[in-house]
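Colleague:
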Amino acid sequence: MNENRSDQASRIWKRPPLIERKWLRWTLILGGGFYLIVALATMEVNWGRVAAGMPRAERFLLSFFPPDFASRYEDIYIGIIESLWMTIVSTVLGILISIPVGLGAARNLAPKAIYLFCRGILSVSRTFPEIIIALFAVKIIGFGPLAGIIALSLGTIGFYGKLLAEDIEDMDPVQAEAVKATGASWFQWINYAVQPQVMPRMIGLGMYRLDINFRESAVVGIVGGGGIGATLLTSFDRYEYDSAAAILLVIILIVMLVEYSSGFTRKWVQ
Amino acid sequence: MLRLQQLTKRYKTGDLALSNIDLDIPNGQVLALIGPSGAGKSTLIRCINRLVEPTSGNVSLNDLELTTLSTKNLRKARRRIGMIFQEYALVERLSVMENVLSGRLGYVGFMRSYFRKFPQTDIDEAFRLLERVGLDHMADKRADALSGGQRQRVGICRALIQNPELILVDEPTASLDPKTSRQIMRLIGELCKERNLSAIINIHDVLLAQMFSERIVGLQLGEIVYDGPPDGLSPDVLTQIYGEEDWEATIETADIDDEDEEDLLSEDGIAVTAS
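Sequence lines, in order, name chains A and B. Under the numbering used here, the first residue of the first sequence is numbered -11, with each subsequent residue one higher. Under the numbering used here, the first residue of the second sequence is numbered 11, with each subsequent residue one higher.
1) Going by DSSP in three states, leucine 16 of chain A sits in which element: helix, strand or coil?
2) Between B:Gly67, B:Asp215 and B:Gly242, which lies nearest to arginine 225 of chain B when the distance is taken from Cα to Cα?
3) Pull up the CB-CB distance for glycine 50 of chain B and leucine 229 of chain B, whole angstroms please, since I reckon it's below 8 Å.
4) At the 8 Å Cβ level, is methionine -11 of chain A part of the contact set with chain B, yes or no?
5) What separation, rounded to the nearest whole angstrom, lies between the Cα atoms of alanine 264 of chain B and valine 216 of chain B?
6) Listing by chain order, which chain B residues have their CB less than 7 Å from the CB of glycine 171 of chain A?
7) Mind checking if glutamate 141 of chain B is an interface residue toward chain A, Cβ cutoff 8 Å exclusive?
8) At a Cβ threshold of 8 Å, is arginine 103 of chain B touching chain A?
9) If you follow the beta strand (DSSP E) that arginine 13 of chain B is in, where does it begin and where does it stop?
10) Quick check: the Cα distance between methionine 42 of chain A and arginine 114 of chain A, rounded to an integer number of angstroms?
11) In the DSSP output, which residue or residues are listed as bridge partners for valine 243 of chain A?
12) Please state the DSSP three-state secondary structure of arginine 309 of chain A.
13) Rounded to a whole number of angstroms, what is the C-alpha to C-alpha distance between methionine 11 of chain B and arginine 56 of chain B?
14) Is alanine 264 of chain B helix, strand or coil when you go by DSSP?
15) Helix or strand or just coil, what does DSSP make of valine 179 of chain B?
16) Run down chain C in chain order and give the residues with a C-beta less than 9 Å from the C-beta of serine 112 of chain B.
17) May I ask you to report which of helix, strand or coil DSSP gives asparagine 34 of chain A?
18) Counting only beta-carbon atoms, is proline 54 of chain A nearer than 8 Å to chain B?
19) Are there 16 or more other CB atoms within 10 angstroms of the CB of valine 33 of chain A, so buried, or fewer, so exposed?
20) Quick one: grab the DSSP three-state call for alanine 42 of chain B.
21) Check this for me: beta carbons of glutamine 193 of chain B and glycine 92 of chain B, under 8 Å apart or not?
22) With distance defined between alpha-carbon atoms, name the residue in A:Ala39, A:Arg9 and A:Thr79 nearest to leucine 193 of chain A.
23) Which stretch, first to last residue, makes up the beta strand (DSSP E) that contains lysine 160 of chain A?
24) Should leucine 41 of chain B and isoleucine 210 of chain B be called a contact, given that it needs their Cβ atoms to be closer than 8 Å?
25) Using 10 angstroms around the beta-carbon of glutamine 250 of chain B, count the other beta-carbons present and answer buried if the total reaches 16, otherwise exposed.
26) Which of helix, strand or coil does DSSP assign to valine 139 of chain A?
27) Spell out whether any CB of chain B is found under 8 Å from the CB atom of proline 99 of chain A.
28) For threonine 18 of chain B, collect the residues of the same chain with a Cβ closer than 7 Å to its Cβ; drop the 5 residues on either side in sequence, then sort them by chain order.
29) One question on the structure: do glycine 149 of chain A and alanine 101 of chain A come within less than 8 Å of each other, judged by their Cβ atoms?
30) Here's the rule I'm using: 16 or more other beta-carbon atoms within 10 Å means buried, otherwise exposed. How should threonine 75 of chain A be labelled?
31) Only counting runs of 4 or more residues, tell me where the alpha helix (DSSP H) segments fall wholly within the segment 200 to 225 of chain B, in order along the chain.
32) Buried or exposed for serine 111 of chain A, please, with buried defined as at least 16 other CB atoms from any protein chain shown within 10 angstroms of its CB.
33) When the Cβ atoms of the segment 59 to 73 of chain A are set against those of the segment 117 to 125 of chain A, are three or more pairs found closer than 8 Å?
34) From alanine 232 of chain A to glutamate 70 of chain A, what distance separates their C-alpha atoms?
35) Report yes or no: do three or more beta-carbon pairs, one from the segment 20 to 40 of chain A and one from the segment 193 to 213 of chain A, lie closer than 8 Å?
36) At 8 Å on the CB atoms, spell out the chain A contacts of glutamine 172 of chain B, in chain order.
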């Protein structure tokens, strides 16, 4: 092959650059580099304080060991059970509410007005992190797990509703069309054409959200939303770092358990 | 009798997909709709059951005007029109049986369908149809576990369990091998004959169209340019429908070759013709 074409001049090929205009490309590269140097130069680091903090950090971290499960056993047990309970209630509640919202927020299902309304709900609930909602909920209904449940449920709606809507928008339209053509009603159509297509992913995401809600339950507890977070905060306040370490280990263990079981579930539903 | 009058469809983009189509299809007639991609074949059959809303014109099925029906009455009318799709369009994660029974959705209430409690007569009919196409042993398999030809036969069962007066068939063989294509086309033809169904079959393959239909309509740029018997497709006519090309070879092989008995068997070795 090559011999036949040796009389022809080789044509150069290079991948076209991402930014076509040369001056713009170089302005962005040089400008970016310049900004990085200037930004690093203006950062104030008091190396003296860092040095002084080192031994403190060492003492602090060492006081976590050995973790002490025994002396606050009762508190840890109650806190964990409360957190698990908050997690399950808020995940189930949040998912139940996010199903109608998610259906309404899918462009290929809902008319424009409903679509905009449901997308509005989703973006509002996604604007505020769970901890901010928890702060509000604690102010409104007082300390305790109910405030935490409200915060976690609202967070779940934003998360699950958005992903459900997007999964529905990505479904195979032909399967949906085929069921519609049989004369199925809207609800039958959702049940036969849409649900089977999105179900496996939604089960996987439900498990993932369970995991998130458990971790978040520790966070909302710190601002008064109940659960293991409250126990954790108390042990910090009492300088019982060995108990705090025990709590953190339990949290890690439970997150790992949820992680493994969600992997297993996802394989099972494919 | 299906009657299209002055049927026109203009998409929002401004493309004129169908322009003043007039077409009468008597009961029991199997009609093949041929034409190049983008000629409006898909749009035409979708305008009949209003998966695509026609811009103007009328469609009536046995004297029922379809274009003006309310949503609720349209659902009722759709039960009388079965549809078979190009990529089978089975709901892949449902079982074969659920896919077939989904053809009865227009006849049962939501709760019954939700709990899969279909009337026994529907279930009997589903098994009868699956048996007819040689798939009754696959009833509880998931649809995505089937081969292309098997899936299309399930698609045919789904359309027929509606007990339709008309079936709309959109490129039934586009993703099948040549042998399976023939089997599927033959099956559709036989079933239409058994039930005195009329059918509109969109099909790319001119040869298959000639072999398995009694009437051919050629569509080009949204207009009917040929309407006649299969053997009327001369090179001139094909040029008119598709454009300049050497058509001689296509027409020469169009004589229906009698296939041997083995060919009448489905890929599982089950007779699909005997009934």
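A virtual CB, placed ideally from N, CA and C, is assigned to each residue, including glycine. In this text, all values refer to a predicted model and were calculated from it rather than measured experimentally.
Modeller: Taking the structure as given:
1) helix
2) Residue B:Gly242 holds the alpha-carbon nearest to the alpha-carbon of arginine 225 of chain B among B:Gly67, B:Asp215 and B:Gly242.
3) 6 Å
4) For methionine -11 of chain A, the predicted model reports a pLDDT of 47, less than 50, meaning its position is unreliable; a value from the coordinates is still stated below. Not closer than 8 Å to any Cβ of chain B, the Cβ of methionine -11 of chain A fails to qualify, so no.
5) Because the pLDDT at alanine 264 of chain B is just 46, under 50, the model does not fix this residue reliably, and the point stays unresolved.
6) Think of a sphere of 7 Å around the beta carbon of glycine 171 of chain A: the chain B residues whose beta carbon falls inside it are Arg85, Lys86, Arg88, Arg89, Leu115 and Gly116, in chain order.
7) no
8) yes
9) Boundaries of the beta strand (DSSP E) harbouring arginine 13 of chain B: 12 to 20, taken from the DSSP string.
10) 38 Å
11) Per DSSP, none; premise fails for valine 243 of chain A.
12) The question about residue 309 of chain A has no answer here: the residues shown for chain A are numbered -11 through 258.
13) Their Cα atoms are separated by approximately 17 Å.
14) Reliability of the predicted coordinates at alanine 264 of chain B is poor, the pLDDT of 46 falling under 50, and the value obtained from them is presented with this limitation in mind. DSSP places alanine 264 of chain B in coil when its eight states are reduced to three.
15) strand
16) Here chain C cannot be found, since the structure's protein chains are A and B.
17) coil
18) Taking Cβ atoms only, chain B never reaches closer than 8 Å to proline 54 of chain A, which makes this a no.
19) exposed
20) strand
21) no
22) Of the listed residues, the one whose Cα sits closest to leucine 193 of chain A is A:Thr79.
23) In the sequence under discussion, the amino acid at residue 160 of chain A is aspartate, which differs from the lysine named in the question. No beta strand (DSSP E) contains aspartate 160 of chain A, which DSSP labels as neither H nor E.
24) yes
25) exposed
26) Per the sequence presented here, residue 139 of chain A reads as alanine, with valine not at that position. In this structure, alanine 139 of chain A counts as helix in the three-state DSSP scheme.
27) no
28) Around threonine 18 of chain B, the same chain offers Leu28, Ser29, Asn30, Pro64, Thr65, Ser66 and Gly67 as residues with beta carbons nearer than 7 Å, after the five sequence neighbours per side are excluded.
29) Cβ atoms of glycine 149 of chain A and alanine 101 of chain A: not closer than 8 Å.
30) Around the Cβ of threonine 75 of chain A, a 10 Å sphere holds 16 or more other Cβ atoms; the residue is buried.
31) Along the length of the segment 200 to 225 of chain B, whole alpha helix (DSSP H) runs at least 4 residues long occupy 216 to 222, reported in chain order.
32) exposed
33) no
34) 17 Å
35) no
36) Thr170 and Gly171
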